[in-house]
Structure formats: structure tokens, C-alpha cells
Amino acid sequence: MSCPICEKDTDAKYRPFCSKHCADLDLARWFKGSYSVPSTDPEDVEKALDALERGATPEDDEPTRH
Numbered sequence: 004m005s006c007p008i009c010e011k012d013t014d015a016k017y018r019p020f021c022s023k024h025c026a027d028l029d030l031a032r033w034f035k036g037s038y039s040v041p042s043t044d045p046e047d048v049e050k051a052l053d054a055l056e057r058g059a060t061p062e063d064d065e066p067t068r069h
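Per our numbering: the sequence shown = residues 4 to 69.
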């Protein structure tokens, strides 16, 4: 298996990555929102469009969960 970031061989300690550096790069991509799962739900699309018009994110409309 190769590292999904740099394609070097993986290290069992950091699997599926080759190093802590690549694992951290992947985590940073999640934090920045670089990874996403597209939705075909019309309600989700409408919320996203409304949020873009307001300069907010769709998550701003969701209730806080404790």
C-alpha cells in the first residue's frame, strides 16, 4: 500500500501514511475543508446556496449539539 499523500511505502506506525508529516498534511486538509462529500439532497443544496449569499457556511445554520 502506498501513502495517499506522497505515494511512498506506508509505515505501520502511521498507516495508511508513510510518516507523521503526511498524516498531519491529511489532517490539515480535513480542517481546511479540502475534503468533502457532495450532497444531492435539494435541501442541503438550498442551505448551501443561502449560506453563500450571506457569506456564512451551511454549518452556521445547524443547531449546537452538546
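Glycine included, C-beta positions come from ideal geometry on N, C-alpha and C.
In this structure residue 22 touches residue 14 by the C-beta definition: roughly 6 Å separates them, less than 8 Å.
Cα atoms of residue 27 and residue 54: separation of roughly 29 Å, rounded to the nearest angstrom.
Look at the segment 4–45 and you find these whole runs of alpha helix (DSSP H), each 4 residues long or longer: 23–35. Non-local C-beta neighbours of residue 9 in its own chain, meaning closer than 8 Å and more than five positions away in sequence, comprise 21, 25, ordered along the chain.
Looking at the backbone, the Cα of residue 19 and that of residue 45 are separated by about 35 Å.
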